[in-house]
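Using our numbering, the letters of the sequence shown correspond one by one to residues 86 to 208. Each residue gets a CB set at the ideal place from its N, CA and C atoms; glycine is no exception. Take a look at the structure set out below.
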Amino acid sequence: MDLVKIVRSKEVESVFVDGLDRFMYSECKEASSREIAQLGLQMKKCWFRWNTVFVVVNNLYENRHWCNNGDVYSPLLGYGWSYVANWKYLLKKQGGMRVLEDLEGNEVMKFKIEGFGRIRVVD
């Protein structure tokens, strides 16, 4: 999958990746370190060129990966990734914020996009 082509062609603002662990596996084989590095580079390219934000959703992080400021440490991608603990959402703009709703229209959370893979939840 070439994320750069998808993001460029559709002017995508945010990408919610449903389970980075599944994203990294192909045909029940673990992805090589080269493939993981290539994916990370594609994500960074999308951020720097088109300001596209990636949020990892429904990933299998352990509690020890949580940081005090709400960021999550990913063994694959380092710090600065935001975690959302469900997988069926609609993303809507509301002024300068984004609103995440479930498929029944219930608000899950409001957040502001701050950078590559980083969101700030708004109360």
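Using only alpha-carbon positions, find the residue among the options that is nearest to residue i.
i      : options                        : result
Arg93  : Leu185, Leu124, Thr137, Leu126 : Thr137
Leu124 : Arg134, Phe133, Trp135, Val89  : Val89
Val206 : Leu185, Cys131, Gly180         : Leu185
Does residue i come out as helix, strand or coil in the three-state DSSP assignment?
i      : result
Val207 : strand
Gly190 : coil
In the DSSP output, what is residue i paired with across the bridge?
i      : result
Gln179 : Met182
Phe196 : Arg183, Val206
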